[in-house]
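In my numbering, the protein residues as written are 813 to 1295.
1. Suppose the cutoff is 7 Å on Cβ atoms and the five residues either side in sequence are ignored; what does the same chain contact list for residue 959 look like?
2. Counting along the chain, where does the beta strand (DSSP E) carrying residue 986 start and finish?
3. Spatial neighbours of residue 1055 within its chain, please: C-beta separation below 7 Å, excluding the five flanking residues on both sides.
4. Counting Cβ pairs, one atom from each stretch, are 3 or more of them under 8 Å apart for the segment 1282 to 1295 and the segment 1028 to 1043?
5. Can you give the beta carbon distance from residue 1134 to residue 919, rounded, assuming they're within the 8 Å contact cut?
6. Drop a sphere of 10 angstroms on the beta-carbon of residue 1147, count the other beta-carbons inside from all chains shown, and report buried for 16 or more, exposed for fewer.
7. I need the straight-line Cα distance from residue 1164 to residue 913, nearest angstrom please.
8. Going by DSSP in three states, residue 1245 sits in which element: helix, strand or coil?
9. Just how far apart, CA to CA, sit residue 885 and residue 904?
10. Just how far apart, CA to CA, sit residue 842 and residue 1174?
11. Could you say which of 923, 1230, 988 lies nearest to residue 1042 if we only look at CA atoms?
12. Since I believe residue 948 is in contact with residue 1252 (beta carbons under 8 Å), could you give me their beta-carbon distance rounded to a whole number of angstroms?
13. Whose CA, out of 870, 814, 862, lies closest to the CA of residue 847?
14. Closer than 7 Å: is that where the CB of residue 1064 sits relative to any heavy atom of the ligand GTP?
15. Roughly how far, in whole angstroms, is the beta-carbon of residue 1213 from the beta-carbon of residue 1162, given that I think they are within contact range, below 8 Å?
16. For residue 1101, which three-state DSSP category applies?
17. Out of 1270, 1294, 1295, which one is the CA nearest neighbour of residue 1302?
18. Hey, out of 917, 856, 906, whose CA is closest to residue 1140's CA?
19. Here's the rule: buried if 16 or more other CB atoms are within 10 angstroms of the residue's CB, otherwise exposed. What is residue 832?
20. On a CA-only basis, which of 974, 946, 1202, 1033 is nearest residue 1115? Give me that one, please.
21. Buried or exposed, going by whether 16 or more other CB atoms sit within 10 Å of the CB of residue 1294?
22. Note down, in chain order, each residue of its chain lying with its Cβ closer than 8 Å to the Cβ of residue 1215, except the 5 sequence neighbours on either side.
23. Between the C-alpha atoms of residue 1256 and residue 998, what's the straight-line distance to the nearest angstrom?
24. Answer with buried or exposed for residue 1019, where buried requires no fewer than 16 other C-beta atoms within 10 angstroms of its C-beta.
25. Report the residue from 1059, 1044, 936, 1210 whose alpha carbon sits nearest the alpha carbon of residue 1155.
26. Pull up the CB-CB distance for residue 911 and residue 869, whole angstroms please, since I reckon it's below 8 Å.
27. On the three-pair Cβ rule with 8 Å, is the segment 985 to 994 touching the segment 952 to 967?
28. Which stretch, first to last residue, makes up the beta strand (DSSP E) that contains residue 1024?
29. Whose C-beta lies closer than 7 Å to the C-beta of residue 1235 among residues of the same chain, with five residues either side of it excluded?
30. Between the C-alpha atoms of residue 837 and residue 887, what's the straight-line distance to the nearest angstrom?
31. Using DSSP bridges, identify the partner residues of residue 1287.
32. Is residue 956 helix, strand or coil when you go by DSSP?
33. Is the beta carbon of residue 857 less than 8 Å from the beta carbon of residue 882?
34. Would the beta-carbon of residue 946 fall within 8 Å of that of residue 1113?
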């Protein structure tokens, strides 16, 4: 779909739609993409990102990353920051799967050591980590324990033996965002979430054994524990499951009424919102953080199970296998952060919907081990095309509210993929390419075929050229577990 004729090229990979494009726009919209990626974007991206530019209290620009595609409310790949005094919070700018995110684990193992045991390892992981719609986990929680998980996040898991203390400093916000309030979560959301800790879920979520295919920056890679090509790593992609989905559903209804109450123009009901500093806005923020912290805990329990599986297959402790967490980062979230705007440091609520935090060197939020180089940024590709490890930059802090892309970005609908892609042929093709896959359902696998997504390397090249994150290593899948 061609971009709007009003769009202006700001640089090689930055495009701007002016405020005059649509009535009600308060700021311009900016899209980060090469010309090729821009031309391939669907019409919904331009419609949605300019709708976001109309929301009250938005600062500087409504942004969309190169993996952008049509979403619910915001485009997937959307970023926007709102002033705390007169800005809004919107579930459509966060997503239904609150704190869907990525976790990367390094190992001392090499491809040669893992290849002979790959099928045995993947089969064991498939048994150990529940997948698919409605999957339930092995951690059984009481209601009061679930309250603790909502507040403490990954820290609850470590305190109960599901992880190492060092894991916490290698997680965004140390695995627990302050401000969560379980009293703001509905009974139905609790019921959907209480038995889902340690589960992968369905859709585009996965657990993947990967090999380091190429290192672009050896110094930064070393700081992240990535020492050589051929090294084995593990990537986890999942979120808050039905818990987060229910919280978003509950508050979207509340926010439609709130918009009328506060006189906020309704451009799109999917952008239902409320003032950040209103009872409705504060309640949603507190509930949303409960889901975000549950997601950190979910990935923590999965990591614990992954370490157990590797220990069983390789007959060594996870410590001896060097299974250190590289990082865990959210890509569906809204968080209070500070940036320089118009020459002053300002606290804003940054919405990232299919976008990853990309903090540069020196940021106080980063653990000391990463403070000199910048934050690890984990970009998950499709199960066929590989993934990337990037590093955050100072430019991201200046231009994109510390944000970058999150993945490859869908180009084919799930419905179309199911119609056009043959399951047996896909599995055969993946095995021919050295990828062993286990899936909870045939339809779930074909929906996530590589042809349904943009080329991940094109997306990463765009953010690298823009300077909002830099390439550190390319990762190639060899074993995949799908929901």
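Even glycine gets a Cβ: it sits at the ideal position worked out from N, Cα and C.
In short:
1. 994
2. That residue, residue 986, is in no beta strand (DSSP E); it is neither H nor E in DSSP.
3. 1001, 1004, 1005, 1008, 1103, 1106
4. yes
5. 6 Å
6. buried
7. 11 Å
8. coil
9. 4 Å
10. 27 Å
11. 923
12. Going by Cβ atoms, the distance from residue 1252 to residue 948 rounds to 13 Å, so no, they are not a contact pair.
13. 814
14. Ligands in the displayed structure: none, and consequently the ligand GTP is not present.
15. 5 Å
16. helix
17. Outside the shown range of the chain, which is 813 to 1295, sits residue 1302, and nothing can be said about it.
18. 917
19. exposed
20. 974
21. buried
22. 875, 877, 891, 1162, 1164, 1167, 1168, 1169, 1170, 1208, 1280
23. 29 Å
24. buried
25. 1210
26. Not really, about 23 Å apart at Cβ, beyond 8 Å.
27. yes
28. 1018 to 1027
29. 1254, 1257, 1258
30. 16 Å
31. 1024, 1199
32. helix
33. yes
34. no
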